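Read in order, the letters of the sequence shown are residues 19 to 118 in the numbering used here.
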Amino acid sequence: MSEDIPAFFARDQSISETDWLRSLPGAVRDHPLVFPASGAAVVTIGSGALELNWTKLPPRRLGLVQLPRLAICYRFDGVDAEARRAFMRYFDLYTHRGGG
């Protein structure tokens, strides 16, 4: 059974804004990507779109280690469930960071 990807969701992700911006072009593959404002991106997926909005959060502290964090909102508009699932499967694999 495939995971259902809702039309809107938010994530607290451990990534710096620099690394996030560096990874986006590859993560969206061949879909057009534009940055209409600071902290925002729009990905065209077929006749619909994915709007991404992010804000910096205070770093997560684990002892002496500090991990950067972003609050990222994902909003699909006009993208059906199967297209959302396919897009996010690749997107998540591409942006996956190492760890335990």
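Note that beta-carbon positions come from the ideal geometry of N, C-alpha and C, so glycine has one too.
None of the values given here were measured: they were computed from a predicted structure.
Problem set entry | Nearest-angstrom Cα separation, counted from P50 out to G96 | Within the sequence shown, numbered from 1, the residue matching residue 96 stands at position 78. Within the sequence shown, numbered from 1, the residue matching residue 50 stands at position 32. When rounded, the distance between both Cα atoms is 15 Å.
For this session: Give the secondary structure of D95 by DSSP, where H, G and I count as helix, E and B as strand, and everything else as coil.
Result: The residue given as residue 95 occupies position 77 in the sequence shown. Correct three-state label for D95: strand.
Exercise. Do you know how far the Cα of I23 is from the Cα of E100?
Worked result: Residue numbering aside, residue 100 sits at position 82 when the sequence shown is read from its first letter. Residue numbering aside, residue 23 sits at position 5 when the sequence shown is read from its first letter. One C-alpha to the other measures close to 9 Å.
Problem set entry | Where the alpha helix (DSSP H) containing E35 begins and where it ends | Mapped onto the sequence shown, residue 35 falls at position 17. E35 -> alpha helix (DSSP H) spans 35 to 45.
Exercise. Can you tell me whether V46 is buried or exposed, with buried defined as 16 or more other CB within 10 angstroms of its CB?
Worked result: The residue you call residue 46 lines up with position 28 of the sequence shown. Around the C-beta of V46, 16 or more other C-beta atoms lie within 10 Å, and the residue is accordingly described as buried.
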